[in-house]
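Colleague: Please find one structure pasted underneath; my questions will follow.
Number of protein chains: 2
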Amino acid sequence: MKTVHVHTPSHSYPIYIGAGLLGDFSLFAPHIGKKAAIITNETIAPLYLQQLSDLLTQNGVHVFHIILRDGEQFKNHESLNQIYDALLAHHADRKTTLIALGGGVIGDTVGFAAATYQRGVPFIQVPTTLLSQVDSSVGGKTAINHPLGKNMIGAFYQPKLVVADLNTLHSLPAREFSAGMAEVIKYALLGDVDFLAWLEQHINKIMQCDDELLAQVVAHCCQMKADIVAEDETEQGIRAHLNLGHTFGHAIEAQMGYGNWLHGEAVAAGTVLACRLSEQLGSLNADDTARVAQLFRQANLPDTPPKFALEQWLAHMSHDKKVENGKMRFITLARLGAAQISEITDMSLLEKTLNKFTV
Amino acid sequence: MKTVHVHTPSHSYPIYIGAGLLGDFSLFAPHIGKKAAIITNETIAPLYLQQLSDLLTQNGVHVFHIILRDGEQFKNHESLNQIYDALLAHHADRKTTLIALGGGVIGDTVGFAAATYQRGVPFIQVPTTLLSQVDSSVGGKTAINHPLGKNMIGAFYQPKLVVADLNTLHSLPAREFSAGMAEVIKYALLGDVDFLAWLEQHINKIMQCDDELLAQVVAHCCQMKADIVAEDETEQGIRAHLNLGHTFGHAIEAQMGYGNWLHGEAVAAGTVLACRLSEQLGSLNADDTARVAQLFRQANLPDTPPKFALEQWLAHMSHDKKVENGKMRFITLARLGAAQISEITDMSLLEKTLNKFTV
Ligand SMILES: NC(=O)c1ccc[n+]([C@@H]2O[C@H](COP(=O)([O-])OP(=O)(O)OC[C@H]3O[C@@H](n4cnc5c(N)ncnc54)[C@H](O)[C@@H]3O)[C@@H](O)[C@H]2O)c1
Ligand SMILES: NC(=O)c1ccc[n+]([C@@H]2O[C@H](COP(=O)([O-])OP(=O)(O)OC[C@H]3O[C@@H](n4cnc5c(N)ncnc54)[C@H](O)[C@@H]3O)[C@@H](O)[C@H]2O)c1
Ligand SMILES: [Zn+2]
Ligand SMILES: [Zn+2]
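Residue numbers (the UniProt record's numbering), protein chains in the order written: chain A, 1 to 359; chain B, 1 to 359.
The structure is reproduced here in C-alpha cells:
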C-alpha cells in the first residue's frame, strides 16, 4: 500500500492506494462515525457495494445505501435531491458519514451533497475509476452540472479520507481506463517531463493494467495533485494549471452533449489543442505537439477534436469558468513539463489553433 | 457609524452599522468587483433597490438585478435555481459579486447561492430587517429549506462585508421589528446579564425605534455574535449557544407551517420553553422565567407556544439538526446570562416542560 497525504489550510487527510483495500476496515476506522450512507450507482452497486457494506456493518457501523442512476447526465439537481431526500428519510444527522463509491460523477455529486447537507457532514471518497483515483477524488472540488454549464454549481470541500483500491479497476471498461490515462498524461505535461518519458517507456504495460506500474502511476499523480492543492486550495493561482486541456475539453463535452465524449477523451483532444495554442504563442514546436499526440494515441485516446463552427467553440469557451472579466484564459505549455496561464485577447490565435477543426 | 470586525479562520470582514450607509460608496469600494448582481425580493425592490443600484452604477460597477418572491416559503430550491439561471444568463463569472439586499430569507438564500455558484463567488450582505442586522447577516451561515426540514441544505460561507443601514428599519412592519427583538433578547440571556438589565430599562424607547439606542443594540449584538463566531466558525461547540430557544422554535415553525409564525416569534416562545426546561434541570427558577416572559411581552412577542400533541413536538425536534447520535440536545440556561448544552435522555423532563402546551 502507498500513502499520500494532502495538506490544505482547511484540513489534512490521507489517500491510501493499493490492491484489496476495500477489505481493510482499519483504514476506515479512524474516520468513520457510527452511521454511514454508501452512495453509488446502479452499475457499481452489483460489483462492490455488498463488499464495502459488509465490511462496515461487520465492524459495527450502521450503514444504509443510496443508489443513483449512472451517467454524467445524472450529475444534476435530481440526483442531489435524491441524496438529500434519502438522508432525511434515514434521519441522517451532522455526524453521519457519506461514502462516495464510484467514479468522478459519484465523487463530485456526493461530495457536493456532503458539503451542503446540514452545512457539511463527514465524507469519504472510494474512487473506482482510474480518472477518479488520479484526479477527481483528490483536492476537494465538488460539483454538479447545470443545463447551461458543466460543474457550475459546487463547493470546495475536502474528504476525511480517500481509499483507492486498484482491484476495482479490473472491471473498468477499457474506454474508461483510457479516459483516466488522459489525466495521467496531463500531469506529466504540466509539471514533470521525467514522468512523461517514464510514461512513454511503460505505456504498453500500463495499458495492460500491470498492478505494480499502476500503483506507481496513481501514487505519483496523487502526490502531484496534493502538492498543487496544498499550495492553492481554492484555485486562485497555480491550481488552475490542472485545467490544461480543459477549456477546449469542456467545449467538446458541451457541444457533443455531456457523456457522449468521455471527460478524459475530451481532455485528451483538448490538451492537443492546448499544445497547438502553445505553438501559436511560440512556446512549443510541432514536434512537441506530435510527441504528445502520439502518447495519447498509444493510450487509445483521440488526439483530434470533432469539427464544429468557430462561433460554437467560442461560445462554449466563453461560458467556461476560466473566463475572467471578459478575457479568455487558457492553460498553455511554456515547454513540455511546465504549464502557464495565458490570457488571450487576440482571437486570431484561437482561429489558427482551431482552423482545422471548424466547419 | 459603528464598525464591528468579524475574524474567522477562513476570512475576516467588517460590519458597518449606521443611518444612511446605503448612500456611501466608500464602504463598498474595497470589496466589490466590476460586476455585481443585487438580489432582493418584490417587497424590498421598490423601497431600496434603485438607491443601491444607482450608487454602484454611478461608481462604475456593472449592475444587474434578480428579484425573488417574498417569503420564507420561497427560501427554497426554486429561488436558488432562479438565481443560478440569472447568473448564467448574465455570464456572471467567478469575480462577480452577489449582493443580498433584504432580510434573513434573502441573506440565507443569496449566501448559499454565492457559496455554490462556480464553487464560490464574492458576497456582500445588506441586511434590511432588525433580525438580519443583529443575527443572520453575521457569521456566515447560509441555507435554504427542504420540504422535510428548515435550513437543511446550506454551507458556511462568509461575506466580504456587511452594511447595516438603520434607515431601512423605518419601513419594517412592527411585527417584523418585534421578531428581531427576540434575537436581541436571546443574546442577553445567553451571554450578558448586564445587557439584559439595560434592555429592560430601555425597552420602550427601543420599541419606538430610537436611532441612537438602536445603533447600540445592533452593534452590541453583532459584537457578541462576532466573538462567538471567531471562537467557533463551524458550530462544533460554543456557537451552538446561539440556538437558545431554536430547537423548540423550529418545532413551532414547522408545525405551524413556515412563515405563519415568524422566526423571531417562534424563537421568543421557544426561549421561554428553554427557560422552563432549565427549571426542570434545576438551573433557573420560576421568577427567572417570568422575568424573561415579561421582556418578550414588552417587545410584543409571544411568550407561549401554540398547543400541539407531544408526539408532534418530539417528532419535529428529533428532525432538528441539534440531534446527534439519537440524544436530544438543547441549549438551556445555567443562569440568566449564561447558556449551556444539555443532552436530554429522560423524556419526562420534556413532557413536564411541554405539558401545558400539548393537546
Ligand atoms: N472533482 C474534480 O476535481 C474532478 C476532476 C476531474 C474530473 N471530474 C469529474 O469526474 C467525472 C468523470 O469521472 P469518471 O471518468 O470517473 O466517470 P464516471 O464516474 O461516469 O465513471 C465512468 C463509468 O464507469 C463506471 N464505473 C465506475 N467504476 C467502475 C468499476 N470499477 N467497474 C466498472 N464500471 C465502473 C461508472 O458507472 C460509469 O459508467 C466528470 O463529471 C468530471 O467533471 C472531477
Ligand atoms: N444565517 C443565520 O445565521 C440566521 C440566523 C437567524 C435567522 N436566519 C433566517 O432568517 C430568516 C428570517 O429573516 P427575517 O426575519 O429577516 O425575515 P425576512 O427576510 O422574511 O423579512 C421579513 C419581511 O420583511 C420584509 N422586509 C425586509 N426588509 C424590509 C424593510 N426594510 N422594509 C419593509 N419590509 C422589509 C421582507 O420582504 C419580509 O416580508 C429565516 O429564514 C431564518 O432561518 C438565519
Ligand atoms: Zn479533468
Ligand atoms: Zn434565530
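Where a beta carbon is used, it is the ideal one built from N, C-alpha and C, also for glycine.
Please read these numbers as outputs of a predicted model, since none were measured by experiment.
1. Check each candidate in B:14, B:333 and B:86 and name the one with the smallest Cα separation from residue 40 (chain B).
2. Using only alpha-carbon positions, find the residue among A:101, A:243, A:285 and A:60 that is nearest to residue 266 (chain A).
3. Taking buried to mean at least 16 other C-beta atoms within 10 Å of its own C-beta, is residue 233 (chain B) buried or exposed?
4. Relative to ligand 3, is the shortest distance from any of its heavy atoms to the C-beta of residue 105 (chain A) smaller than 6 angstroms?
5. At least one CB of chain B closer than 7 angstroms to the CB of residue 104 (chain A): is that the case?
6. What residues of chain B sit near residue 56 (chain A), judged by a beta carbon separation below 9 angstroms?
7. Going by DSSP, what residues sit across from residue 164 (chain B) in a beta bridge?
8. Count the other C-beta atoms from every protein chain shown that fall within 10 angstroms of the C-beta of residue 148 (chain B), then say buried if there are 16 or more, exposed otherwise.
9. Which ranges does the alpha helix (DSSP H) cover as unbroken runs of at least 4 residues, wholly within the UniProt domain "3-dehydroquinate synthase N-terminal" (66-178) of chain A, from first to last along the chain?
10. Taking Cβ-Cβ distances below 7 angstroms as the criterion, which residues of the stretch 63-92 of chain A are in contact with chain B?
11. Quick one: does the C-beta of residue 267 (chain A) sit closer than 6 angstroms to a heavy atom of ligand 6?
12. Would you mind giving the Cβ-Cβ distance between residue 66 (chain A) and residue 83 (chain A), rounded to the nearest angstrom? I have them listed as a contact below 8 angstroms.
13. Which of the three DSSP states, helix, strand or coil, is assigned to residue 233 (chain A)?
14. Please report the straight-line C-alpha distance between residue 57 (chain A) and residue 255 (chain B), rounded to a whole angstrom.
15. Say whether the stretch 332-339 of chain B touches the stretch 191-202 of chain B, bearing in mind that this needs 3 or more beta-carbon pairs closer than 8 angstroms, one atom from each stretch.
16. May I ask you to list the residues that DSSP assigns as paired with residue 2 (chain B)?
17. Rank A:177, A:318 and A:347 by C-alpha distance to the C-alpha of residue 301 (chain A) and give the top, closest one.
18. Comparing alpha-carbon positions, which option in A:17, A:146, A:33 and A:273 lies nearest residue 130 (chain A)?
19. With C-beta atoms as the reference, is residue 171 (chain A) less than 7 angstroms away from residue 47 (chain A)?
20. Cα separation between residue 7 (chain A) and residue 212 (chain B)?
21. Residues of chain B with CB under 7 angstroms from residue 143 (chain A), in chain order?
22. Under DSSP, the beta strand (DSSP E) around residue 44 (chain B) begins and ends at which residues?
23. Measuring from the CB of residue 41 (chain A), is there a heavy atom of ligand 1 at a distance below 6 angstroms?
24. Counting only beta-carbon separations shorter than 7 angstroms, does residue 155 (chain B) have a partner in chain A?
25. In chain A, which residues lie with their C-beta within 7 angstroms of the C-beta of residue 250 (chain B)?
26. Drop a sphere of 10 angstroms on the beta-carbon of residue 145 (chain B), count the other beta-carbons inside from all chains shown, and report buried for 16 or more, exposed for fewer.
27. Heavy atom of ligand 1 less than 6 angstroms from the Cβ of residue 44 (chain A), yes or no?
28. Would residue 116 (chain B) pass as an interface residue toward chain A - the criterion being a Cβ-Cβ separation below 7 angstroms?
29. At a cut of 8 angstroms, does the stretch 91-101 of chain A reach the stretch 122-142 of chain A through at least three beta carbon pairs?
30. Please list the terminal residues of the continuous alpha helix (DSSP H) segment that includes residue 251 (chain A).
31. Judging by CA-CA distance, which residue of A:169, A:138, A:164 and A:115 is the nearest neighbour of residue 143 (chain B)?
32. For the beta strand (DSSP E) holding residue 369 (chain A), just list the boundary residues, first then last.
33. Using a Cβ-Cβ cutoff of 8 angstroms, what residues of the stretch 285-317 of chain A are near chain B? List them in chain order.
34. Short of 8 angstroms in beta carbon distance, which residues of its chain neighbour residue 209 (chain B), apart from the five on each side in sequence? Order them along the chain.
35. Do residue 263 (chain A) and ligand 1 come close, with the Cβ less than 6 angstroms from some heavy atom?
36. Compare the C-alpha of residue 69 (chain A) against each of A:106, A:183 and A:60 and name the closest.
Modeller: For this structure:
1. When each option's Cα is compared against that of residue 40 (chain B), the closest is B:86.
2. Among A:101, A:243, A:285 and A:60, the Cα nearest to that of residue 266 (chain A) is on A:243.
3. By the 10 Å Cβ count, residue 233 (chain B) comes out buried.
4. Not so, every heavy atom of ligand 3 lies at least 6 angstroms from the Cβ.
5. Closer than 7 angstroms: no.
6. When 9 angstroms is used as the limit between beta carbons, residue 56 (chain A) is near no residue of chain B, the shortest such separation being about 16 angstroms.
7. In the DSSP secondary-structure assignment, residue 164 (chain B) is bridged to B:17.
8. Flag for residue 148 (chain B) reads exposed.
9. Whole alpha helix (DSSP H) segments, 4+ residues: 77-89 and 104-116.
10. Cβ contacts with chain B come from 84 and 88.
11. Of the ligands one can find in the structure shown, namely ligand 1, ligand 2, ligand 3 and ligand 4, none is ligand 6.
12. Going by Cβ atoms, the distance from residue 66 (chain A) to residue 83 (chain A) rounds to 6 angstroms, so yes, they are a contact pair.
13. Here residue 233 (chain A) carries a coil assignment [DSSP, helix/strand/coil].
14. Taking the straight line from one Cα to the other gives about 36 angstroms.
15. Contact between the stretch 332-339 of chain B and the stretch 191-202 of chain B is present, because at least three Cβ pairs lie under 8 angstroms.
16. B:17, per the DSSP bridge assignment.
17. Considering only alpha carbons, the answer is A:177.
18. Looking at the Cα atoms, A:17 is the closest of the given residues.
19. In this structure, residue 171 (chain A) sits near residue 47 (chain A), with a CB-CB distance shorter than 7 angstroms.
20. When rounded, the distance between both Cα atoms is 48 angstroms.
21. The answer, in chain order, is 119.
22. That residue, residue 44 (chain B), is in no beta strand (DSSP E); it is neither H nor E in DSSP.
23. Between ligand 1 and the CB of residue 41 (chain A), the shortest heavy atom gap is smaller than 6 angstroms.
24. It does; some Cβ of chain A falls within 7 angstroms.
25. Within chain A, no residue comes near residue 250 (chain B); the closest Cβ sits about 13 angstroms away, beyond 7 angstroms.
26. By the C-beta density criterion, residue 145 (chain B) is buried, having at least 16 other C-beta atoms within 10 angstroms.
27. Checking every heavy atom of ligand 1 against the Cβ of residue 44 (chain A), one is found closer than 6 angstroms.
28. It does: the Cβ of residue 116 (chain B) has a partner Cβ on chain A nearer than 7 angstroms.
29. Touching, per the Cβ criterion.
30. From DSSP, the alpha helix (DSSP H) with residue 251 (chain A) extends over 246-256.
31. It is A:115 whose Cα lies nearest to the Cα of residue 143 (chain B).
32. In the structure displayed, chain A extends from 1 to 359; residue 369 (chain A) sits before or after that span and is not available.
33. The stretch 285-317 of chain A vs chain B, Cβ under 8 angstroms: nothing.
34. So the list reads 169, 170 and 177, once near-sequence residues are dropped.
35. Residue side-chain check: residue 263 (chain A) places its Cβ nearer than 6 angstroms to a non-hydrogen atom of ligand 1.
36. From the listed residues A:106, A:183 and A:60, the smallest Cα separation to residue 69 (chain A) is found for A:106.
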